[in-house]
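Notes follow the structure.
Numbering (our numbering), first residue to last: 2 to 252.
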């Protein structure tokens with residue numbers, strides 16, 4: 002479903018992504034991992050068309066993203082669900098209105114139909130009777146689930162999850178992981194996750210890509226990547242800090 006070829010991209014002429022090559026088949030889960038500042042979020046922005054490549058291409062279902070006309074891109078956007086970092090719910094809206102927002106923006110469905118669909122999506126993420134509550138009245142894990150329900154409301158073919166378990170306690174995070182697997186199987190959706198949570202990614206990912214300084218340093222199955230002989234990848238999974246040769250290097 003996704004084919005990224007020699008992707009070079011960044012902002013204001015500054016290269017951040019330096020030749021990314023990745024492929025992901027339909028119904029698979031890819032976890033993109035790496036240190037802060039390595040290009041993960043920039044990659045996501047290119048993957049959903051918010052930034053245009055400086056070089057290379059991104060093909061989604063055999064259509065090149067940068068070459069889509071307005072109608073094709075609108076259709077593409079409707080086929081993608083995004084869980085933003087920390088949920089990004091509208092604080093002034095109820096949970097029900099948050100989840101209904103894409104339907105009201107992009108469809109002409111009657112309100113009774115929208116209400117039914119909102120209840121169904123909230124039920125799928127194991128949230129019930131919360132439509133009338135504000136985001137501030139929910140726990141962190143419940144807000145993340147509500148944001149996931151909003152990402153699912155248009156029945157997407159592709160799901161983008163930015164740090165879905167960051168800041169959650171281990172039990173709640175494990176529940177989100179199980180939910181991601183359930184949704185992938187129920188929707189046959191292709192899922193791209195950007196995360197720092199190693200344990201979470203190893204639980205859910207079919208494939209892992211380790212980013213480092215704008216490049217894919219290692220990719221493959223979770224087992225293959227974890228057994229890598231690359232020094233940086235080994236340190237990353239062992240959570241070892243980078244060694245400083247001398248104090249002089251700090252000044």
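All C-beta atoms, glycine included, are put in the ideal place defined by N, C-alpha and C.
Please identify the residue among the options whose C-alpha is closest to the C-alpha of residue i.
i: residue 197; options: 229, 189, 169 and 176; result: 169
i: residue 171; options: 93, 190, 16 and 200; result: 200
i: residue 91; options: 181, 147 and 60; result: 147
i: residue 55; options: 188, 67 and 192; result: 67
i: residue 50; options: 181, 73 and 186; result: 73
i: residue 17; options: 38, 4, 120 and 59; result: 38
i: residue 86; options: 25, 120 and 166; result: 166
i: residue 222; options: 8, 23, 19 and 7; result: 23
i: residue 108; options: 229, 154, 236 and 233; result: 154
Do residue i and residue j have their C-beta atoms within less than 9 Å of each other?
i: residue 206; j: residue 32; result: yes
i: residue 69; j: residue 209; result: no
i: residue 184; j: residue 125; result: yes
i: residue 45; j: residue 152; result: no
i: residue 30; j: residue 177; result: no
i: residue 57; j: residue 10; result: yes
i: residue 160; j: residue 193; result: yes
i: residue 163; j: residue 119; result: no
i: residue 59; j: residue 217; result: no
i: residue 190; j: residue 76; result: no
Report back the beta-carbon spacing between residue i and residue j to the nearest angstrom; my notes put them in contact at under 8 Å.
i: residue 95; j: residue 133; result: 6 Å
i: residue 144; j: residue 97; result: The pair is not a contact, with the Cβ atoms about 14 Å apart (cut-off 8 Å).
i: residue 27; j: residue 2; result: 4 Å
i: residue 115; j: residue 101; result: 5 Å
Could you please give me the residues that DSSP links to residue i through a beta bridge?
i: residue 107; result: DSSP output for residue 107 lists no bridge partner at all.
i: residue 191; result: 159
i: residue 58; result: 6
i: residue 221; result: 209
i: residue 21; result: 8
i: residue 233; result: DSSP, once it has assigned bridges, lists no residue as partnering residue 233.
Starting from residue i and walking both ways along the alpha helix (DSSP H), at which residues does that stretch end?
i: residue 120; result: 112–125
i: residue 32; result: Run containing residue 32: none in the alpha helix (DSSP H); it sits in the beta strand (DSSP E), 30–35.
i: residue 27; result: Unbroken run through residue 27: none, as it is neither H nor E.
i: residue 153; result: 141–153
i: residue 72; result: 71–79
Counting along the chain, where does the beta strand (DSSP E) carrying residue i start and finish?
i: residue 128; result: That residue, residue 128, is in no beta strand (DSSP E); it is neither H nor E in DSSP.
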